[in-house]
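Structure, as structure tokens:
2 protein chains.
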Amino acid sequence: MDHEGQILPAAHGIAVGLRSGQAIRIENVHGTQVVDTWALSARDPLEYASMEHTRSWNSSIFVEAGAVVVSIRRRPMLTMIADSSPGRHDTQLCPCSSELYSQLGCEEPHRSCTGNFHEALAPLGMKVPFTPASLNLFMNVPIAADGSVTRKPPASRPGDSVTLRAEMDVIVVLSACPQDITPINGADHTPRDIAFAVLNAPQSGNSDD
Amino acid sequence: MDHEGQILPAAHGIAVGLRSGQAIRIENVHGTQVVDTWALSARDPLEYASMEHTRSWNSSIFVEAGAVVVSIRRRPMLTMIADSSPGRHDTQLCPCSSELYSQLGCEEPHRSCTGNFHEALAPLGMKVPFTPASLNLFMNVPIAADGSVTRKPPASRPGDSVTLRAEMDVIVVLSACPQDITPINGADHTPRDIAFAVLNAPQSGNSDD
């Protein structure tokens with residue numbers, strides 16, 4: 001097991017390669033932290049996890065335990081094989097970005113999930129000329145009957161985790177969301193560290209393998 | 001007024017350039033036809049209309065009269081200035097694609113909104129190496145309290161139309177959705193023509209202009 005208990009510091013991002021069958025467990029150490037998550041095919045970064053195809057595949061606007069995250073070409077990329085949180089992970093809202101922080105009144109540069117996505121891919125030599133929609137783990141965005149959305153603190157508890165199994169060789173990008181203006185990362189508006197671990201596929205019992 | 005009453009044949013797509021201030025009226029001639037719609041900046045096709053940023057901007061999962069469609073860089077691209085339909089235009093589901101039709105059991109090639117998007121851009125020399133999420137005009141996808149989605153025939157009536165005003169110079173791509181397996185284009189599963197017209201900006205009263 002590589003990376004066990006590795007910490008992703010608050011407001012930062014990381015890219016993690018998973019071979020098909022490996023999984024990543026993402027732990028909400030403090031319970032209040034949103035994790036913007038992307039997946040890209042290891043062979044072609046333009047085959048990315050698509051929230052619109054994922055909603056179509058699952059006939060649901062949420063990603064919950066058992067749901068499959070599919071690519072823009074409708075190939076399974078990740079399966080959520082475990083989830084100890086209240087679930088209902090958000091697929092509606094964009095990753096935060098420098099433009100969003102400007103619109104929220106920030107006059108100084110502000111770290112963002114969009115920046116973290118590209119920063120995390122750079123050491124791998126991967127460049128994506130846009131920012132796909134993210135799967136927003138632990139993000140609590142209730143939708144009213146009239147379609148309006150609200151941005152609430154996570155309903156998860158300290159230590160809650162989700163586990164995503166790779167269905168192909170993928171690069172997973174995680175961003176511990178830097179948002180500190182809305183309450184999306186807790187009522188105290190404080191981005192915090194998360195933890196993650198890469199889990200190897202269960203070994204086959206067949207010693208001839 | 002250019003293009004007045006131009007017909008877009010069933011199951012086909014078209015790209016239409018709009019200068020800032022011009023508008024496009026899209027008429028659901030038969031009332032039962034979904035129109036997958038995209039916008040790209042005329043200057044940089046990688047600045048595309050983003051459903052995830054649009055939901056964030058409007059704090060709503062639907063695009064309705066008055067809503068602004070923003071780009072991946074959070075710049076207004078289109079405003080829905082008029083809508084005679086029941087509204088609630090879908091932003092959840094992917095444009096249909098060859099992969100989707102294969103998964104629905106089609107053994108022969110099937111026209112798709114994804115194919116129409118790229119086919120419509122080709123004569124302009126525009127290539128986009130992926131397919132952004134579409135704004136699905138007239139598409140009726142109710143969302144239950146548990147987050148599940150259903151695919152229903154449009155609630156619009158023959159002649160209902162929406163009007164989108166360009167807030168920058170844009171290329172709008174329309175696809176009269178070819179879907180004939182689900183009832184999304186009517187209970188009789190029959191894709192039909194739509195009509196559209198480009199409307200010039202109201203002239204200023206100042207003759208010195």
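Chain order of the listed sequences is A and B. So the first sequence is numbered by the numbering used here: it starts at 1 and just counts up by one. So the second sequence is numbered by the numbering used here: it starts at 1 and just counts up by one. Positions of the beta carbon are idealized from the N, C-alpha and C atoms, including for glycine.
Counting C-beta neighbours from all protein chains within 10 Å, is the total for residue i 16 or more, i.e. buried, or is it exposed?
i, result
"S102 (chain A)", "exposed"
"D44 (chain B)", "exposed"
"T91 (chain B)", "buried"
"I14 (chain B)", "buried"
"T163 (chain A)", "buried"
"A187 (chain A)", "exposed"
"A122 (chain A)", "exposed"
"T32 (chain B)", "buried"
"P191 (chain A)", "buried"
"S59 (chain A)", "exposed"
Less than 7 Å between C-beta atoms, sequence neighbours within five positions excluded: which residues of the same chain meet that for residue i?
i, result
"Q22 (chain A)", "A166, V198, L199, N200, A201"
"S20 (chain B)", "A166, E167, M168, D169"
"R88 (chain B)", "F62, E64"
"S84 (chain B)", "D160, S161"
"N116 (chain B)", "H12, G13, S175"
Candidates the options: which alpha carbon is nearest residue i's?
i, options, result
"V34 (chain B)", "B:A122, B:K127, B:S112", "B:S112"
"G5 (chain A)", "A:R25, A:D146, A:N58", "A:R25"
"V210 (chain B)", "B:A133, B:R74, B:R157, B:L40", "With chain B covering 1 to 209 only, the question about residue 210 (chain B) has no answer from this structure."
"H12 (chain B)", "B:F130, B:S84, B:L46, B:H118", "B:H118"
"K127 (chain B)", "B:D36, B:L46, B:T37", "B:L46"
"G125 (chain B)", "B:W38, B:A42, B:I7, B:E27", "B:A42"
"L78 (chain B)", "B:C94, B:I72, B:A49, B:P95", "B:A49"
"T54 (chain B)", "A:W38, A:S161, A:A133, A:E108", "A:A133"
"C94 (chain B)", "B:A65, B:M51, B:I181", "B:M51"
"L104 (chain A)", "B:K152, B:V16, B:W57, B:P154", "B:W57"
"T114 (chain B)", "B:I184, B:S71, B:T131", "B:T131"
"A67 (chain B)", "B:P178, B:I81, B:R73", "B:I81"
"V141 (chain A)", "B:G147, B:P154, B:T182", "B:G147"
"I72 (chain B)", "A:S60, A:P86, A:R74, A:C96", "A:C96"
"I181 (chain A)", "A:W38, A:V70, A:H110, A:S59", "A:H110"
"F138 (chain A)", "A:V16, A:R151, A:S59", "A:R151"
"G17 (chain B)", "B:A120, B:A144, B:Q179", "B:A120"
"T37 (chain B)", "B:C177, B:G159, B:E108, B:P76", "B:C177"
"V69 (chain A)", "A:L135, A:Q179, A:S84", "A:L135"
"P86 (chain A)", "A:S98, A:S156, A:I7", "A:S156"
"I7 (chain A)", "A:H189, A:L174, A:L100", "A:L174"
"V29 (chain B)", "B:P158, B:H189, B:L100", "B:P158"
"L100 (chain A)", "B:E99, B:P76, B:L100, B:S98", "B:P76"
Sorted by chain position, which residues of the same chain lie with C-beta nearer than 6 Å to residue i's C-beta, five sequence neighbours on each side aside?
i, result
"E27 (chain B)", "S161, A195"
"R74 (chain B)", "H53"
"Q179 (chain A)", "C96, N185"
To which residues of the same chain is residue i closer than 8 Å at the C-beta, ignoring the five residues directly before and after it?
i, result
"V149 (chain B)", "Q92, L93, V141, P142, I143"
"P9 (chain B)", "A176, D193"
"P153 (chain B)", "T32, N140, P183, I184, N185, G186, A187"
"E107 (chain A)", "none"
"A145 (chain B)", "none"
Closer than 8 Å between beta carbons: that is the criterion. Which residues of the segment 49 to 63 of chain B meet it against chain A? Considering only beta carbons, the part of the segment 49 to 63 of chain B lying closer than 8 Å to chain A consists of S50, M51, E52, H53, R55, S56, S59, S60, I61, F62, in chain order.
### Task
Could you please tell me which residues of the segment 130 to 149 of chain A, in chain order, have their CB closer than 7 Å to any CB of chain B?
F130, T131, A133, I143, G147, S148, V149
Using a Cβ-Cβ cutoff of 7 Å, what residues of the segment 98 to 110 of chain A are near chain B? List them in chain order. E99, L100, Q103
Practice problem: Compile a chain-ordered list of the residues in the segment 171 to 196 of chain B whose CB is closer than 8 Å to at least one CB of chain A. | Solution: none
Residues, ordered as in the chain, of the segment 66 to 78 of chain A that lie near chain B by beta-carbon distance below 7 Å: I72, R73, R74
Within 7 Å of chain B by C-beta, residues of the segment 108 to 127 of chain A in sequence order: none
Could you list the residues in the segment 77 to 93 of chain B with a C-beta less than 8 Å from some C-beta on chain A, going in chain order? R88, Q92, L93
Query raised in the report: What residues in the segment 16 to 49 of chain B bring their beta carbon closer than 9 Å to a beta carbon of chain A?
Result: L46, E47, Y48
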